[in-house]
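Structure first, then comments.
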Amino acid sequence: MSRHALLCSALALLSACPRWDYTSSAAGTFAARSPRCKLQVLSLLPQRSYVELGTFDVHSPWDASMTSLARLRSMVRERACQAGADAILARPDGHGWYSHATVLRWTDEISERADVSATETSPPPASPSPP
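If you count the sequence shown from 1, position 113 lands on 144 in the working numbering, and the numbers rise without skipping.
Right, dumping it as structure tokens:
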């Protein structure tokens, strides 16, 4: 096989591999979590408070595995955890493919973390002086 044919074959295979683009939508930044953090995958809106950190757009021509939430999670997990995510929300498109996911962080956990750090760094209240 000629080098040109081999190169064209390799490029065709690479172009069929799924890839994604991440777009941040959060006003601030959040502490990164470990690359293998516990990341929930949701297909319905959560019943708890959250902030949207960003979105993933998945480009996967001819990859039937993108009909699986588990496959989507494995593709985007490291980047979502780096953004500080607790979950991703994904719904299939009209063909059953997961091509878009919203990255979420629970706001009640942010409040709890803020409360913990505030109590750890605040000095104890001064005791009242005797009359």
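We put the beta carbon where it would ideally sit given N, CA and C, even for glycine. Predicted model only: the values in this text are computed from it and were never measured.
- Contact annotation: residue 98 and residue 128 have beta-carbon atoms nearer than 7 Å.
- By the C-beta density criterion, residue 117 is buried, having at least 16 other C-beta atoms within 10 angstroms.
- Excluding its 5 nearest sequence neighbours in each direction, residue 82 has C-beta neighbours in its own chain below 6 Å: 136 and 138, listed in chain order.
- Beta-bridge analysis with DSSP links residue 117 to no other residue.
- For residue 131, the CB contacts under 8 Å within the same chain, skipping 5 residues up- and downstream, are 86, 87, 88, 89, 121, 122 and 124 in chain order.
- Under the DSSP assignment, residue 87 falls in the beta strand (DSSP E) whose first and last residues are 81-90.
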